[in-house]
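See structure below.
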Amino acid sequence: MDVVEAIKTRKSIRGYKPDPVPREILTEILEIATRAPSSMNTQPWEFTVIAGDVLEKVKKGSVEKFNAGEPGYLGWEGEAFKDKCRERQVALAIQLYKSMGIAREEREKRTDWERRGFGYFDAPAVIVISVDREHAPRAQFDIGALSQNIALAAVKYGLGTCMHDQGISYPDVLKEVAGIPETQRMIICLSIGYPDGVLPADQVVSEREPIENITTWCGF
Ligand SMILES: Cc1cc2nc3c(=O)[nH]c(=O)nc-3n(C[C@H](O)[C@H](O)[C@H](O)COP(=O)(O)O)c2cc1C
């Protein structure tokens, strides 16, 4: 599979088979992914790869907090998206809800959909990426490059991924159950597993802005 094909094939997968992902495959994916560039080759990332009983506990803990209405905490002051970003965010939600047959006024079903993310979309494995708290502000870009590498490498192994911050919204659960130390700041997590191929939302192809709308060409 060439790189362009992998880029075009990758999309967020939110429905997984329960089949476990072998540790050897996850290791290979992480080895490939850590070829990502990082600022001055600092490689600030650390992984916590969670599966089995531990993941079940994390899912349960996270969903319980969501059900209790506990606000999530991402470690930065998250302002709501505005303007064009907000429009694109809404467009995605419309696509996903439409695919799942969820109408605007069906609040309970929308909450059920949201809950899926806090349950890690029932993936058989999750990769949490964290960095030393002191390096967190500078490391965001590096983690972005790394995350995309993981998602692309996963495609080669027939695996689907969804990078999401819902899964790190309740960091205390991950600290307690998976032992992620206080000195680490979680930046993102990726659900990973074999796509079940039946979740209607996974048929959605999210939209992209045409290049002419977002590009200024100079000197051509
Ligand atoms: C930083 C980041 C955070 C994200 N958080 C979530 C999330 O919490 N829940 C979710 O369902 N998807 C999440 N996503 C996935 C995006 O919704 C998805 O990448 C986007 O809609 C584009 O769709 P695609 O990945 O299928 O191309 C996140 C993606 C990124 C890069």
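Residues in the sequence shown are numbered consecutively from 164, following this note's numbering.
C-beta: ideal position from N, C-alpha, C; glycine also.
Item to complete: Tell me, please, which residues DSSP counts as bridged to E297.
Response: Numbered from 1 along the sequence shown, position 134 holds the residue referred to as residue 297. None; E297 has no bridge partner.
Worksheet item: Enumerated in chain order, which unbroken segments of the alpha helix (DSSP H) with a length of 4 residues or greater are wholly contained in the stretch 230-317?
Response: List check, alpha helix (DSSP H) in window: 246-262 and 270-281.
Worksheet item: Which word fits S369, buried or exposed, when buried means at least 16 other C-beta atoms lie within 10 angstroms of its C-beta?
Response: Position 206 of the sequence shown, counting from 1, holds the residue named residue 369. That one is exposed.
Item to complete: Please find out if some non-hydrogen atom of ligand 1 comes closer than 7 Å to the beta-carbon of G280.
Response: In the sequence shown, the residue the question calls residue 280 occupies position 117. True, at least one ligand heavy atom lies under 7 Å from that Cβ.
Practice prompt. Report the three-state DSSP secondary structure of T190 (helix, strand or coil).
Written response: Start at 1 with the first residue of the sequence shown, and residue 190 comes out as number 27. Looking at T190 - three-state DSSP - the assignment turns out to be helix.
Discussion item. Can you find the residues in the same chain that come closer than 8 Å, C-beta to C-beta, to Q347, ignoring five residues on each side of it along the sequence?
Written reply: Residue mapping note: residue 347 aligns to position 184 of the sequence shown, counting from 1. Within the same chain, Q347 has close Cβ partners E209, S293, V294, D295 and R296.
Worksheet item: On the three-state DSSP scale, how would you describe S153?
Response: Given that the chain is displayed from residue 164 to residue 383, the structure contains no residue 153 and the question cannot be resolved.
Worksheet entry | Cβ neighbour criterion (16 or more within 10 Å) applied to K222 | On the sequence shown, position 59 is the one that residue 222 refers to. Its Cβ being crowded by 16 or more others within 10 Å, K222 is buried.
Item to complete: Tell me whether G406 is buried or exposed, calling it buried when 16 or more other Cβ atoms sit within 10 Å of its Cβ.
Response: Limits of the chain in this structure are 164 at one end and 383 at the other, which puts residue 406 out of reach.
Item to complete: Since I believe V289 is in contact with G330 (beta carbons under 8 Å), could you give me their beta-carbon distance rounded to a whole number of angstroms?
Response: Residue 330 sits at position 167 when you count from the first residue of the sequence shown. Residue 289 sits at position 126 when you count from the first residue of the sequence shown. Correct: roughly 6 Å between the Cβ atoms.
Discussion item. Please report the distance separating the alpha-carbon of I374 from that of W380.
Written reply: Position 211 of the sequence shown, counted from the first residue, corresponds to residue 374. Position 217 of the sequence shown, counted from the first residue, corresponds to residue 380. When rounded, the distance between both Cα atoms is 11 Å.
Discussion item. Less than 7 Å separating the Cβ of C248 from some heavy atom of ligand 1?
Written reply: Sequence index remark: in the sequence shown, residue 248 carries index 85 (1-based). Result no, Cβ not under 7 Å from ligand 1.
Item to complete: Since I believe Y179 is in contact with D275 (beta carbons under 8 Å), could you give me their beta-carbon distance rounded to a whole number of angstroms?
Response: The residue you call residue 275 lines up with position 112 of the sequence shown. The residue you call residue 179 lines up with position 16 of the sequence shown. Their Cβ separation, rounded to whole angstroms, is 17 Å, which puts D275 and Y179 out of contact at 8 Å.
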